[in-house]
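Those letters in the sequence shown? Residues -27 to -1, 1 to 995, by mature numbering (1 follows the signal peptide of the UniProt record, and there is no 0).
Here is the structure we will look at.
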Amino acid sequence: MGCLCFWSCFFIYASSCLLFFVTGTYSVPGNETDKQALLEFKAGIAADPFAVMTSWNGTIHFCQWYGVTCGRRHRRVTVLDLNSLNLVGTISPSIGNLSFLELLSLENNSFTHNIPPELGRLRRLKALYLYNNSLTGEIPSNISGCSNLIYLSLINNNLIGKVPVELGYLSKLQYLSILQNNLTGTIPHFLGNLSSLTTLSLAFNNFVGNIPDALGQLKNFQYLDVFDNKLSGIIPPSIFNLSSITLLDIGVNHFEGFLPADLFTTLPNLQKLSFARNQFTGPIPNSISNASKIVHLQLQVNALTGKVPPLERFNFQVLSIGYNRLGNGEVDDLRFLCSLTNSSILRVLDISKNNFGGSLPECIGNLSSNLEIFRLNKNQISGSIPTGIGNLVNLAILEVQSNKLSGMIPQRIGNMQNVVVMSFYENKIFGPIPSSLGNLTKSNRLYFADNNLQGTIPSSLANCKYLEELDFSGNNLSGILPPEVIGLSSLSVYASFAQNYFTGSLPTEVGNLKALGALDVSDNMLSEVGNLKALGTLDVSDNMLSGEIPSSLGSCTSLEYLYMNGNRFQGSIPFSLSSLRGLQVLNFSHNNISGQIPGFFVSFNSLLSLNLSFNDFEGIVPTDGVFKNVSITSVMGNSKLCGGIPEFQLPVCNLKKSNKRRLKVITAIVAGISGAILVFLSFLVLLRFKKKRQGPASSNSENSLLKVPRVSYNDLHKATDGFFSANLIGSGSFGSVYKGILNEDGQTVAVKVLNLQYHGAAKSFMAECEALRNIRHRNLVKIVTACSGVDYQGNDFKALVYEFMVNGSLEQWLHPSVNEGYKNLNLIQRINIAIDVASATEYLHHYCGSAIVHSDLKPSSVLLDDEMTAHIGDFGLAKFLLHSVQNNCTYQSSSAGLRGTIVYTPPEYGLGSKVSTKGDIYSYGILLLEMITRKRPTDDMFKEGLNLRKFVESALPNEVSEVADPILLQEGGQSNDRIMIECLISILEIGISCSAELPTDRMDISDAAIELCLIRDKLKDI
């Protein structure tokens, strides 16, 4: 009977095993718990851009879900690895139910809110990686329940509070990294009880106090990083007895004291040592000669003194001892540099701001060819620059400013073709500027101010196409400013030629400096100024400049500081300067400027200083705006002025004389305007008569449409590597767009090649030429050149060449392909793009003479430059409107056919109505809705009468979170959720208004731009 019972049980067990292997449905106890925990974790994910969570469904066993690994025996979850997937959401407390979990890896995502305390139930957990998220709150104290934890990384979150004392119970912990949070308090003494600890990283927090002596008990300790906290006191001697330590970084704190004499003897395995930015004093210990394993040594920004010991035994990568008091100003101070020639991997050498004297030894030419950063500035180094410096061919930064160097700049300096920053200012260097500087084609900043350089500026500097800052002020240079140099379009931050002896005029090529931050040509002898379109500071003071103030200055709408004092300018202040509303400082003093003080100065709300003294102004001084404050306004030395506030001490105005003079001026103006109108009307009559005689334009009229230099088919063939497919960046119905590099100037461009086999392509080319001929706006794609000719087979060839937009199209950011990877735009960026598009559309509709309708506004037509500024392109369907049609609400029939992309095309076009500016506004509205929802108007969900507009309209205002891009809902944070939601509602309402069914109901594009600017300002305040 017992035998029978045994065999019965055996067969029952065997049957259940067979059922499991055959059907896979056998359930080990606890399986459902794990599955439910994973599903609850999935429910906490608000955004999954790579759609990895789609595999978490009932069609496959949860052990096969993405990122999930189960044990072979019990089929329980042992690993959950979802790192670097851009997931957005919260960590569900249910994660604590995965009781067999050994590894939890959620790093490099966007998880928010607290770390769930339920993690403390995972007693089998060995590794917890939550770094690079946005987690908040305190570190849970009951994490001590993870008694088998070996690795704990919480780097780069927003954690607060103190390190919980319970962490001292994790006896197996080897790796603890909680750097880059907002943790406070002291470094806990109980960390010294973690006998297995090898790595402790607490950098970038707000810890105070000192380093606990207890850490010196950790015999296996290898890595201690407390960089950038608020720690103070002295370093416990026990730390210097940890012979196993390889990295010790205590930089950017308030530690003090001498460096121990045996520092480098007791730490024989040290590879990286950083005491930077503390308050250490005394010499660098001679025992440094024993620490031959050190690769990184950073002692900068302390108060170390004495000579630098020899360093022959080292192979440094980084040696930084700048901003101390090393050296004695003696001739042998720099002898240690020759001992560094053995450091074959040296990349960074910084000895700046010390007391080093003597000359630069010739041996610096034998330093490692891998050297990238060499800083010698702010010492007492004298003598000439060794010619061997040209051997450092991989240098990116060379700074030798503020020394006593003399002699000439060696011609071989042009060998350093990888230099980005080169600074020689404040020395005693003389002689000519070597022409070889033109070889530094990667340079971004060149500083040679305050020396004794003579001669002219070599035109070869025009080869430096990436130059943003250039300073030759305070020398003895002469001659003219080379147009090729002053016209470098890359000069966008600072350009100074002040205090020299330059003559002639400021070349007109200065107009190429589209975004210059500062231009200083003071103390020269120039006679004219050009058009600096986005200048921040212009200083031409204390020269011998004459003539009238150029009206082109009014184009420099970004000007904040304008100094023209101390010259011989004459005439009146041009009205064009009324556009300079961002001016903070304006100085016209000590000139011969006449006429009345312009009334527009009153509206300059940003002015902090206005100096009009010692000129020949006449008439009444205003009493409003800046003129109400005598402490920031000066009008003295103008004998013909009257009125103003009493503090100016000017005579009372004689109103009768003033009125008579005003009457004469008005009479003259009226007569002049009348004459101009007569001339203009005569011109129109003559033009109409001439057009009638000429008849229709020829088919080759595109030759005169674009006022740009032409290129040949051969030029474009070379620029695009034979229109190589790897350079193809887009295609459409009328042609393809290639990335190319024009050989003549190395400019990266986008080449749009028309497919002339496609019906209407030639007409599209003509339309685009006509539209782009005269329009100029910062938010319109700029045309570089054009080509109309034949290819190598004799076929007609037409192409337009545009500025290349580094960040591609808005389409690529909203809907990236798999190859492009995940991209994201925050709400401010999206609003800025929407404002840019609205601004350009407003310009096309209202400020181009005849209104231009783009007819094809959509994400692929919006291109983004390197600063994420939006530019409208693709004018192949553009159409000019007569003035009478622009605001016509009676849409007559047209046989032109439907224009543009269907889902962005207004409904009236489908009924045969004529093209109008209201059509562009409809397209803009749909575009705006797409930007906020991140849903294409062609999405599969839009069917059976539902479209993007109706989808959004039905959700407003109470369910905006259901339609907005989930990424945007994570930006505000809990305290700003309400404001964020309000802003999203406002933006979507603008999109709904712009895309109204009836053209007459659509918001004006100007109003849309203003509303968006107000929303942006509201967001910037949170």
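Every residue gets a Cβ at the ideal spot worked out from N, C-alpha and C, and that includes glycine.
Since this is a predicted model, take the numbers as computed values, not measurements.
Backbone CA spacing between residue i and residue j [nearest angstrom]
i, j, result
"residue 879", "residue 987", "27 Å"
"residue 808", "residue 881", "26 Å"
"residue 340", "residue 322", "10 Å"
"residue 527", "residue 836", "28 Å"
"residue 909", "residue 416", "43 Å"
"residue 288", "residue 295", "19 Å"
"residue 591", "residue 537", "19 Å"
"residue 796", "residue 76", "29 Å"
"residue 554", "residue 579", "7 Å"
"residue 14", "residue 60", "12 Å"
"residue 756", "residue 725", "11 Å"
"residue 865", "residue 887", "With a pLDDT of 32 at residue 865, under the threshold of 50, the modelled position of this residue cannot be trusted; read the value that follows with caution. The straight-line gap from Cα to Cα measures roughly 6 Å."
"residue 331", "residue 798", "54 Å"
"residue 565", "residue 586", "10 Å"
"residue 171", "residue 25", "35 Å"
"residue 395", "residue 245", "28 Å"
"residue 967", "residue 421", "54 Å"
Residue i, buried or exposed, once every other Cβ within 10 Å from all chains shown has been counted against 16
i, result
"residue 51", "buried"
"residue 30", "exposed"
"residue 818", "buried"
"residue 101", "buried"
"residue 671", "For residue 671, the predicted structure reports a pLDDT of 34, less than 50, and the residue's modelled location is therefore unreliable. A value from the coordinates is still provided. Exposed."
"residue 844", "buried"
"residue 347", "buried"
"residue 604", "exposed"
"residue 678", "Only weak support is given to the placement of residue 678: the predicted model assigns it a pLDDT of 43, under 50, and the value that follows is read from those uncertain coordinates. Under this definition residue 678 is a buried residue."
"residue 766", "exposed"
"residue 779", "exposed"
"residue 758", "buried"
"residue 49", "buried"
"residue 860", "Low per-residue confidence applies at residue 860: pLDDT is 39, beneath 50, and the placement is therefore not dependable enough to give any value."
"residue 973", "exposed"
"residue 695", "exposed"
"residue 970", "exposed"
Cβ pair residue i, residue j closer than 8 Å
i, j, result
"residue 300", "residue 329", "yes"
"residue 825", "residue 853", "yes"
"residue 978", "residue 811", "yes"
"residue 456", "residue 430", "no"
"residue 41", "residue 53", "yes"
"residue 284", "residue 309", "yes"
"residue 141", "residue 166", "yes"
"residue 902", "residue 921", "yes"
"residue 115", "residue 79", "no"
"residue 157", "residue 132", "no"
"residue 10", "residue 88", "no"
"residue 752", "residue 692", "no"
"residue 127", "residue 160", "no"
"residue 139", "residue 117", "yes"
"residue 232", "residue 255", "yes"
"residue 215", "residue 194", "yes"
"residue 784", "residue 833", "yes"
"residue 392", "residue 413", "yes"
"residue 208", "residue 228", "yes"
Residue-level contact to chain D via CB, residue i, 8 Å cutoff
i, result
"residue 989", "No chain D is part of this structure, which consists of one protein chain only."
* To do: Jot down the residue ranges of each uninterrupted alpha helix (DSSP H) in the region 234 to 279, minimum 4 residues, whole runs only, in chain order.
  => 236 to 239
* Specify whether the region 365 to 383 and the region 399 to 416 touch according to this definition: at least 3 beta carbon pairs, one from each stretch, less than 8 Å apart. => Counting Cβ pairs under 8 Å, three or more are found: they touch.
* Unbroken beta strand (DSSP E) runs of length 3 or more, entirely within the region 549 to 622: which are they? -> Listed in chain order, the complete beta strand (DSSP E) runs (minimum 3 residues) inside the region 549 to 622 are 558 to 560, 565 to 568, 582 to 584, 589 to 594, 613 to 616.
* Asked: Counting Cβ pairs closer than 8 Å, one from the region 911 to 929 and one from the region 769 to 780, do we hit at least three?
  -> no
* **Completely contained beta strand (DSSP E) runs for the region 683 to 723, where each covers 3 or more residues** => 701 to 705, 708 to 714
* Unbroken beta strand (DSSP E) runs of length 3 or more, entirely within the region 81 to 153: which are they? -> Segments of the beta strand (DSSP E) lying fully in the region 81 to 153: 83 to 87, 100 to 102, 107 to 109, 124 to 126, 148 to 150.
* At least 3 beta-carbon pairs within less than 8 Å: the region 950 to 970 vs the region 780 to 792 -> no
* **Whole alpha helix (DSSP H) elements within the region 908 to 939, 4-residue minimum** => 921 to 926, 933 to 936
* Could you give the uninterrupted runs of the alpha helix (DSSP H) lying entirely in the region 788 to 840, keeping only those of 4 residues or more? -> 800 to 819
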